[in-house]
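Enquirer: Structure provided below as structure tokens; questions to follow.
2 protein chains.
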Amino acid sequence: MSKRSGETYHHGNLHDTLIAAAIELIRDKGPNAFSLRELAKKAGVSHTAPYRHFKDKNALLSAIAETGFKTLTERTRNAAMQFDGDPKRQLIESGVAYVELALDNPEITQLMFGGFIDTEKCPKENLDSEADNAFQGLVNLIESGKQSGVFRNEETELLALATWSMVHGLAMLITGGQLCGIADEQDQVRDLSAKVESLLMEGILVR
Amino acid sequence: MSKRSGETYHHGNLHDTLIAAAIELIRDKGPNAFSLRELAKKAGVSHTAPYRHFKDKNALLSAIAETGFKTLTERTRNAAMQFDGDPKRQLIESGVAYVELALDNPEITQLMFGGFIDTEKCPKENLDSEADNAFQGLVNLIESGKQSGVFRNEETELLALATWSMVHGLAMLITGGQLCGIADEQDQVRDLSAKVESLLMEGILVR
DNA sequence: CAGCAATGTTGGCAGTGTATACATAGATGT
DNA sequence: ACATCTATGTATACACTGCCAACATTGCTG
Numbered sequence: 018m019s020k021r022s023g024e025t026y027h028h029g030n031l032h033d034t035l036i037a038a039a040i041e042l043i044r045d046k047g048p049n050a051f052s053l054r055e056l057a058k059k060a061g062v063s064h065t066a067p068y069r070h071f072k073d074k075n076a077l078l079s080a081i082a083e084t085g086f087k088t089l090t091e092r093t094r095n096a097a098m099q100f101d102g103d104p105k106r107q108l109i110e111s112g113v114a115y116v117e118l119a120l121d122n123p124e125i126t127q128l129m130f131g132g133f134i135d136t137e138k139c140p141k142e143n144l145d146s147e148a149d150n151a152f153q154g155l156v157n158l159i160e161s162g163k164q165s166g167v168f169r170n171e172e173t174e175l176l177a178l179a180t181w182s183m184v185h186g187l188a189m190l191i192t193g194g195q196l197c198g199i200a201d202e203q204d205q206v207r208d209l210s211a212k213v214e215s216l217l218m219e220g221i222l223v224r
Numbered sequence: 018m019s020k021r022s023g024e025t026y027h028h029g030n031l032h033d034t035l036i037a038a039a040i041e042l043i044r045d046k047g048p049n050a051f052s053l054r055e056l057a058k059k060a061g062v063s064h065t066a067p068y069r070h071f072k073d074k075n076a077l078l079s080a081i082a083e084t085g086f087k088t089l090t091e092r093t094r095n096a097a098m099q100f101d102g103d104p105k106r107q108l109i110e111s112g113v114a115y116v117e118l119a120l121d122n123p124e125i126t127q128l129m130f131g132g133f134i135d136t137e138k139c140p141k142e143n144l145d146s147e148a149d150n151a152f153q154g155l156v157n158l159i160e161s162g163k164q165s166g167v168f169r170n171e172e173t174e175l176l177a178l179a180t181w182s183m184v185h186g187l188a189m190l191i192t193g194g195q196l197c198g199i200a201d202e203q204d205q206v207r208d209l210s211a212k213v214e215s216l217l218m219e220g221i222l223v224r
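Next up, the structure:
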């Protein structure tokens, strides 16, 4: 069945098309101004067609956030893999990757963490499980660093949480526009996040 | 002019009433589900009355966020004041206050940092200036700590940014529901944030 | 006390999420 | 080959939203 000029009644792959188009829209107008109807128009379907693929607007946003968490897991893991014997460097570089990804996708980051999605308490379902993957990678990283005697022998979860908080906070401040003059450009951000994480490594107090 | 049973045509203090009611609504339904019309109904006025006091929905939200930044400045400053000669303790306690305030007002925190408000680039105006106040307090704190030889002689802004990121990240993770089993209750949060900040003080690396 | 500015109200418009009923087409079993 | 089932898309409708324009009421000020 030739779908010449895309005028078939059935779209063929609307699900993925919608997600891709939605990401574009959110990038343009922010997660707050995003609307299903505009998305449908952009995808060239009627305004209720998305409901055949997503229960809700919320479900669509969740799906997008999930892809965000997936790439977050990938990026940080890849960054860590490149410095396999050096836990300190691994921690720093995966953190830099975290911040850089957020800087490249501020709106998606806000969508993921800003409270746009109703998560019904904390059900540790779909979406959260993917976020946990990223955290689990961090935990493993720290665990191995502890065993090789690089990191202090504190509770692993605590160390992981501290690292995550630091990186996440920096990312959120940047994407939230709070660090305007300080960290706008890519290079500044790379440098800044590395420095900040080094501080967490070495500590702030005079020895 | 007796405004018996509040049935005067002119409300008298609608501006503040709206802000207070809006905060309640946001607390209940989240910043995303908040609507001007419901707010007006709750305040007992017509659905366009708020426009006499706020240019926009965005302007109303900005005003609320600003009050949030004000109390954030207050709380952290108060916490620091209580340990005046001890910069390390000051830093920790003001950070704990930051996180606790966020935990007590998750929705308002999301409103402040989540990207619900259009800030038109980063104009460092109204809203941002109030946020800067909080940051300036942190800078002062670190500066004095450096001079008394407690903190390392790194660039002050960098130290401040690291501290802020750490605390802010923890706050955002908690209010975003990412730390569900880990940090739900007030006591846990106090303990956790203090521990995390101590880590930043002492560093993560083995010495 | 006349007029003005501040503050509210009514009504309307375009845009939104979503429920319901209907239309079409691709897959499946005989 | 063909009838039928199901997945997918459409049309229509409703309540709700932000905001605009026109009008009403009030308190203040000359």
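Chains H and V, in that order, give the protein sequences. Okay, so the first sequence: first residue is 18 according to the numbering used here, each after it adds one. Okay, so the second sequence: first residue is 18 according to the numbering used here, each after it adds one. Ideal Cβ placement from N, Cα and C applies to all residues, glycine included.
Mind pulling the chain H residues with CB within less than 7 Å of residue 182/V?
Expert: 183, 186, 187, 190 and 213
Enquirer: Nearest to residue 214/V by CA position, among 183/H, 200/H, 54/H and 71/H, is which residue?
Expert: 183/H
Enquirer: Could you tell me whether any Cβ in chain H is nearer than 9 Å to the Cβ of residue 155/V?
Expert: Taking a beta-carbon distance threshold of 9 Å, residue 155/V does not count as an interface residue toward chain H.
Enquirer: Under 7 Å between beta-carbons, which chain V residues line up against residue 127/H? List them in chain order, please.
Expert: 131 and 132
Enquirer: Comparing C-alpha positions only, which one of 85/H, 171/H, 65/H and 188/H sits nearest to residue 129/H?
Expert: 85/H
Enquirer: Which residues, taken in chain order from the region 29-49 of chain H, show a beta carbon closer than 9 Å to some beta carbon of chain V?
Expert: 47, 48 and 49
Enquirer: Apply the 10 Å Cβ neighbour rule to residue 221/V and answer buried if 16 or more other Cβ atoms are within range, or exposed otherwise.
Expert: buried
Enquirer: Distance, Cα to Cα, residue 23/V vs residue 51/V?
Expert: Only weak support is given to the placement of residue 23/V: the predicted model assigns it a pLDDT of 45, under 50, and the question is left unresolved by the model.
Enquirer: Evaluate contact between the region 60-72 of chain H and the region 100-120 of chain H, counting only Cβ atoms and requiring at least three cross-stretch pairs below 8 Å.
Expert: The region 60-72 of chain H is not in contact with the region 100-120 of chain H.
Enquirer: What's the C-alpha gap between residue 173/H and residue 159/H?
Expert: 7 Å
Enquirer: Alpha carbon to alpha carbon, what distance is there between residue 123/H and residue 201/H?
Expert: Using only the alpha carbons, I get a separation of about 12 Å.
Enquirer: Only counting the same chain, and skipping five residues up and downstream in sequence, which positions put a Cβ closer than 8 Å to that of residue 43/H?
Expert: 51, 81, 124, 125 and 128
Enquirer: Using alpha carbons as the reference points, say which of 155/H, 205/H, 168/H and 25/H lies closest to residue 92/H.
Expert: 155/H
Enquirer: With DSSP run on the structure shown, which of helix, strand or coil describes residue 196/H?
Expert: coil
Enquirer: Mind reading off the beta-carbon distance from residue 48/V to residue 131/V? Whole number of angstroms is fine, and I expect it under 8 Å.
Expert: About 7 Å separates the Cβ atoms of residue 48/V and residue 131/V, confirming a contact at the 8 Å cut-off.
Enquirer: Taking DSSP as the reference, what is the three-state secondary structure of residue 19/V?
Expert: For residue 19/V, the predicted model reports a pLDDT of 33, less than 50, meaning its position is unreliable and no value from the coordinates is stated.
Enquirer: For the region 103-157 of chain H, list the alpha helix (DSSP H) runs that are entirely contained and at least 4 residues long, ordered along the chain.
Expert: 104-121 and 123-130
Enquirer: Evaluate residue 20/H with the Cβ neighbour count: other Cβ atoms within 10 Å of its Cβ, from every protein chain shown; 16 or more gives buried, anything less gives exposed.
Expert: Because residue 20/H sits at a pLDDT of 37, beneath the cut-off of 50, its placement in the model cannot be relied upon, and the following sentence gives the value as read from the coordinates. Exposed: under 16 other Cβ atoms inside 10 Å.
Enquirer: Which partner residues of residue 168/H appear in the DSSP bridge assignment?
Expert: Looking at the DSSP assignment, residue 168/H forms a beta bridge with 222/V.
Enquirer: Exposed or buried, which one is residue 137/H when buried takes at least 16 other CB atoms within 10 Å?
Expert: exposed
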